[in-house]
Each structure stands twice: as C-alpha cells, then as structure tokens.
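According to numbering that gives the first Met the number 0, numbering within the sequence shown proceeds without interruption in unit steps and concludes at 387.
Glycine included, every Cβ here is placed at the ideal spot set by N, Cα and C.
Written out below as structure tokens is the structure these notes cover.
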Amino acid sequence: MFRKFFRRTPLAWLQLKREPVRLAVALAGIAFADILIFFQLGLAEGLFDSVTKPYSALQGDLFLINPLFESMAVVRSFPRRRLYQAAGAGEVRSINYMYIDQGRWRNPQTLKNQSTMVFAINPNNSAIVLPEVKAHVGQLKLLNRILYDRTGSAELFGNILEPLQQSGSVPIQFNNIQTQVTGTFVMGASFSANGNIITSHSTFLRLFPERRADQIDVGIITLKPGTNIERVQSAIRSQIQDVLVLTHAEFVEHEKKYWQVNSPIGFLFGFGAVIGFIVGIVIVYQILYSDVSDHLPEYATLKAMGYGDGYLTSILIQESLIMAILGFIPGFVVALGLYSIATSVTFIPILMSVNRAFLVLGLTIVMCVASGGIAMRKLQEADPADIF
C-alpha cells in the first residue's frame, strides 16, 4: 500500500518545482504560520515556567493559602492561627510561613520605580531552599536587608552587581524606605513582575506598614518522613474549611491554572497559535487550489488514461506533505532565533523543546493535508470529456 502510494515517477514533486516562485511563496507562508505557532507556544511555556519558578524553590509538603489566592500576582492573606491549627493534625515536623507582595524598587541611577516581587522568609528557617539564599540568609536577620535577583535587567534596576562585589552592600530605596542589598540569588523574571527580592518577615512588615503580622500569605507544613501526605491533607481540610490545603504539585498547578484559564494572557497565546494554524491552512489551500486549477486538463488526461480519483488524490496529498516538511524547516530555524532574542530582551527563558518541535511538525502536516483535502473538491471536477 505504501509503495503504491508513492509511485516511481515523483509527479507531485515535479509539479511543485515546475513553478519555483509559487513553491517559494507557499513555503514562506507555511514557515510564517509555523513561526507564529512556535512563538505563541514558546511564550506560553515561558510564561508557565517563569510564574512557577518560585514554587520549585519552596520546601514543604503541604501549603495553606486563602481560597481567593489566585496566583503570586494576586495574593490574598489568611489568619496565621489557621497554620497553628493545622499543625495539630499530627505527623507534622515543622511549620513555616511567608509573606508575598509587590513593591517599588527605585533604580539608583534613573530614580524610576520598578514593580518587584517580594518574598519574606524566616531567616532562622528559610522556606526558600536556593543555595545562594542559604549562603546569605544570616544577613537577613538584620533589619532592612534584602537579597536581589540578579537576573533583573540592569536597565530597569540599575547597576547593582558591580558595586555589590566591591563594597558588599548597595543602598536601595524600596517603597521609599532605605534598604541594603547584601547578596544575590537567581530566580528569574516573570510576567508577574520585572524582578524579585527576598527579605525577612521583620523587614517586610517595615516595607509594607499596612500589612498585619498575623495575616500571612502562604502557610507551609513539613511532615515527618514516611507520613501519608494525602491522609494528613484530608485531616486538615476536615478541620479547617476556610483555607485551601494543597500539595506541592497542586500548588504549582493552581498557579498554572490561573494563567491558563483566568488570565487573558494565556488565552491570547492560545488564540495566536490557532490563528497561525488557520493562516497556514488558508495559504496552503490557495496554493494547492491554484495548482489544481492550472493543471486540470492534465489531471483529466490522467483520468482518461485510466488513473482513478484515488491516484490523483495521492498526488495532492504528496504535494501537501512535501510542502509541510520543506516549510517546517525554515520556520523551525527562525523560531530558534526568535526564542534567543526574546530571552535576551525579556530575561524569561524561552527554550525549544523536542515535544514542541514534534507538535508543530504534526500540526504543519495536519494543516497541509487538511488544505489538500479541501482542494480535492476541485480535483474531482477533472472530467476527461472536457478535453476531447
């Protein structure tokens, strides 16, 4: 069957290369559609990776949040006593909590304010387990000391790293309060904020005087080794109904769901990928339709020679597959370049994955074959009686 599909004479390829300008236009259109799909899917994955990066640095088995807590960008607090109540569920080794908010970092060179995510931890029991945070966490025991995410753009946050290496600390105005940057870490920018800082509970409450100490944003429970996490989770849920009790995986999924479903950004990325797919179908259909129209007498001749609709359809499908493969290659190469540019500009890592490459290749093949299927209706009009 496969040998019968691909005849000895490569009629599909011969027809395509007979008009190189038309073929080049078709490949450019397919490549453009692939680039659009690649870019939208890449940005979406970069979005999800960036907004969930803080979660990978958190240490704990169960996490308590307000039911209205939508994401790190839309935080809602809950009473700290709920965390102490949850600690009575049994098999709990330790509890911890964090404050999260967004503040204004004043660039020391331009004096412009930049939106910055603030994570407040207990310096004696850090909930964030990044190695660099552990190395500098002792410095946070002093008031008005902060750690700076060095992946932040120097254009937005100013030249921080060089003075920090020279003197060991850099004075910064944060929320109009004088603070000292005493160390750095790497977490990465996100769609929520341009940068991140980590500080202590005490400094956080000084930077955000409107916040109450007994209203926390994330409660963290670490269980004893070998404990059944789901059983303890169910026990806490039965005792405390006004907070969400999530495992680490559920906490990450909660964040992703917000950006996928509730945020317009996730919808726009998906919509852009769909538009790219539709654009590709339209372009390939126009090319194949024109090709069939121009060669309708030749197709009618083949019918008169005894070739059936199945063979003519196979030629059209072969043309679709050839264009899909040839159009995908430049689209893939250009997408790699765009990923690199976007990463350098936004500081959000956008990387090509094998799964995404095969997904777009599959979509390209479906796109071209679907266009060929639509153009088959014109092919069925090839009547030998029209040329005799």
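In the three-state reduction of the DSSP assignment, S191 falls in the coil class. Annotated as distal: S370 and Y310, with beta-carbon spacing of 8 angstroms or more. Nearest to V24 by alpha-carbon distance, out of L155, M322, L129 and Y54, is M322. Comparing C-alpha distances from V244 to each of Q259, L22, I228 and G372 shows the shortest one belongs to I228. Under the Cβ criterion (8 angstroms, minimum of three pairs), the region 84-97 does not count as touching the region 254-263. For secondary structure counted as the alpha helix (DSSP H) over 4 or more consecutive residues, the region 75-160 holds these complete runs in sequence order: 80-85, 130-135 and 153-156. Going by C-alpha positions, A88 is about 42 angstroms away from I349. Between A212 and V180, the alpha-carbon positions lie close to 23 angstroms from each other. A straight line joining the alpha-carbon of R205 with that of S199 spans about 10 angstroms. Excluding five sequence positions before and after A11, the CB atoms of its chain that fall closer than 7 angstroms to its own CB belong to I314, Q317, E318 and I321, given in chain order.
Within the region 175-240, the runs of beta strand (DSSP E) at least 3 residues long that lie entirely inside it are, in chain order, 176-184, 194-199 and 217-222. Taking the Cβ atoms as the reference, A341 lies roughly 19 angstroms from M186, outside the contact range of under 8 angstroms. Within the DSSP bridge table, the entry for T246 names L61 as partners. Annotation: the continuous alpha helix (DSSP H) that includes Q14 extends over L10 to R17.
DSSP places Q172 in the uninterrupted beta strand (DSSP E) bounded by V169 to F173. In terms of CA proximity to P130, T183 leads the group N354, T178 and T183.
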